[in-house]
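Quick note on the numbering used here: the sequence shown kicks off at 8 and runs consecutively. Backbone N, C-alpha and C fix where the C-beta goes; we use that ideal spot for every residue, glycine too. Take a look at the structure set out below.
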Amino acid sequence: MIANFKARFKTLCVHAGQHPDPTTGAIVTPIYQTSTYVQEALGQHKGYEYSRTQNPTREAAEANIAALEGGRAGIAFASGMAAIDAISTFLISGDHMVVTENTYGGTYRLFEQVRRRYQLDFSYVDTSYPDRIIAALTPKTKMLFIETPANPLLGLTDLVTTVEIARSHDLTVVVDNTFASPCAQRPLDYGVDLVVHSTTKYLNGHADSLGGMVVAVGNDHIEWLRFVQNAAGAILSPFDAWLLLRGTKTLALRMAQHSANGLALAKFLSAHPKVERVFYPGLPDHPQHELATRQMQGFGGMLAFDLGSLEAARTVLNGVSLFSLAESLGGVESLISHPATMTHASVPTDQRLARGITDGLIRISVGIEDAGDLEDDLRQALSS
Ligand SMILES: *Cc1c(COP(=O)(O)O)cnc(C)c1O
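Set out below in C-alpha cells:
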C-alpha cells in the first residue's frame, strides 16, 4: 500500500501490511514456507535469517492487524492462549493482576494452574463495576486484564473509566478484543496499552485456523513481546498467517452481517414466549446498552438466552438443524452451545450460578447465513 495514504477501515482490511511480492508481483502475499534464508555473504542478508525470528507472511499478518487496531505493531502467536501467555510474562514473581470475572475459561486455567506456580496472583472481579476494580487493587497490582463484551452473558466494561483507573495507579491495561473484533471496538483508541486476540475467531473468521495476536503501542511492550515471541517460539505458522490475511480482507463485510443477524435473532428471541431472557448489547433492555452504543460500532454476533431449565435448553440444543452444536465462535457458520456443560464446565457450580450462567442458558455465535433461515430453525426447535 502507498506508504502515507491514510486509509479507512474497510480499505485497511484489504490492503494493510500487504505489498505485491517483490519477486513476481503476486498480488497475494505468498506463503513463505521456509525455515531458513540463504545469506549472501558472512554477515550479509536481507533481514531474514530464521523463520522463528522473521517470516514475511507472518509479518504481513502482523502489520495488517496492527493497522486494524490502530496500533504500532502486531506480534503473532500460534493461538490466542499463546498470545495471552506471552502477555503474562510482563509480570514477575509477586505481581498481581485484576481480571474480568467471566474471562475466557482457557485464560482462567492458564492464570490459575500455570502462572500461579510462578507466584503470580490474580483477582477476578466484575469489571463492569469500576469500584470493584479499585477495591481489588493491591500495592502489587501491575495489570488489568479486561474482556469486553465478556463470555457468555455479554457484560461490558467501560474502557474510558478503566483506562483512568489504570493511569492513576500506574497499571498496564490489556483488552481481549476477540468477541468484538476491531471492526466493532478499538480499545487502543481509548488509551488501552495492549489488545489481544484469538484470531481463531472473527479475524480468521472461517473456522479453519488457530492463531493469536497482540497489538501494542509502546516501544517497551513491542520489544519485550518480540523478544518473547522469538525466545519461547510459540509463533504463528506461515500457512495460518496466510489464512488469517485471507480472513481479514472480508472482516468488515462479515462483521456487518454478523451484527445485523445478531440483532435480528436477539429481537426474535426476546419476543418468543418460551424465552425468559436474552443477553445482547444491542437490545435496549441490556443493562449496558447505552455504553455499548458509545463504545462499539455494531454489537457483534454473540448472544445468549435463558430458557429456564436444563430440559428446555436440551430440547433446543438437540432440536436445531442449521445451527451446529459446537464450542468456539466467530466463523461464518452459526454455532450453538451450552455454557454450563461446555465452555464453563470447569467453573464450580456455585460460582457458575453466582455469575448468572444457569443450566437453561444457551449461547449462540450467529453466522452470516440468511437471518430468516436462522429464525426458522430456532422457531421449530423452540416449538418442540
Ligand atoms: C478462544 C478465545 C481465546 C483463546 O484462543 P485460542 O485461539 O483458542 O487459543 C481467548 N480469549 C477469548 C475471548 C476467546 O474466545
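I need the straight-line Cα distance from residue i to residue j, nearest angstrom please.
| i | j | result |
| --- | --- | --- |
| G78 | A319 | 45 angstroms |
| D380 | L329 | 8 angstroms |
| I82 | L210 | 14 angstroms |
| Q126 | A143 | 18 angstroms |
| A14 | N226 | 24 angstroms |
| P37 | S86 | 21 angstroms |
| R253 | Q25 | 11 angstroms |
| D215 | E119 | 29 angstroms |
| Y287 | S277 | 10 angstroms |
| G269 | A361 | 26 angstroms |
| S100 | W249 | 37 angstroms |
| A173 | V235 | 24 angstroms |
| T145 | N71 | 37 angstroms |
| D357 | L217 | 32 angstroms |
| H204 | F186 | 9 angstroms |
| G308 | H213 | 14 angstroms |
| A241 | S341 | 30 angstroms |
| S42 | A238 | 16 angstroms |
| E297 | T31 | 51 angstroms |
| S95 | L251 | 24 angstroms |
| D102 | E108 | 18 angstroms |
| D200 | F152 | 11 angstroms |
Please indicate yes or no: does the CB of residue i lie closer than 6 angstroms to some heavy atom of ligand 1?
| i | result |
| --- | --- |
| Y115 | no |
| D183 | yes |
| Y131 | no |
| T207 | yes |
| M303 | no |
| L217 | yes |
| M88 | yes |
| Y125 | no |
| Y136 | no |
| Y111 | yes |
Per DSSP, what kind of secondary structure is residue i in: helix, strand or coil?
| i | result |
| --- | --- |
| E154 | strand |
| M104 | strand |
| Y136 | coil |
| M262 | helix |
| D183 | strand |
| A80 | strand |
| M220 | strand |
| D339 | Looking at the sequence itself, residue 339 is Val, so the reference to Asp does not match. Note: V339 maps to coil in three-state DSSP. |
| Y115 | helix |
| V167 | helix |
| I375 | coil |
| D215 | coil |
| S277 | helix |
| I369 | strand |
| T425 | Limits of the chain in this structure are 8 at one end and 391 at the other, which puts residue 425 out of reach. |
| L329 | coil |
| F97 | coil |
Using 7 angstroms as the threshold, is the C-beta distance between residue i and residue j below it?
| i | j | result |
| --- | --- | --- |
| P159 | P346 | yes |
| P245 | T64 | yes |
| Q46 | Y55 | no |
| S135 | T164 | yes |
| T365 | D313 | yes |
| A23 | A74 | yes |
| L389 | K256 | no |
| G219 | F97 | no |
| Q387 | M303 | no |
| V105 | I141 | no |
| V222 | V202 | yes |
| L272 | V181 | no |
| A259 | K53 | no |
| E76 | P189 | yes |
| S391 | G326 | yes |
| G363 | S316 | no |
| L166 | Y131 | no |
| L336 | K208 | yes |
| P137 | T168 | yes |
| I343 | R261 | no |
| T350 | G112 | yes |
Using the rule of at least 16 other Cβ atoms within 10 Å of the residue's Cβ for burial, across every protein chain shown, is residue i buried or exposed?
| i | result |
| --- | --- |
| E334 | exposed |
| E154 | buried |
| R370 | buried |
| E230 | exposed |
| V35 | exposed |
| D183 | buried |
| D92 | buried |
| D377 | exposed |
| A67 | buried |
| D383 | exposed |
Ligand 2 and residue i: does the residue's C-beta get closer than 6 angstroms to at least one heavy atom of that ligand?
| i | result |
| --- | --- |
| I91 | Looking at this structure, you won't find ligand 2 anywhere; what it does contain is ligand 1. |
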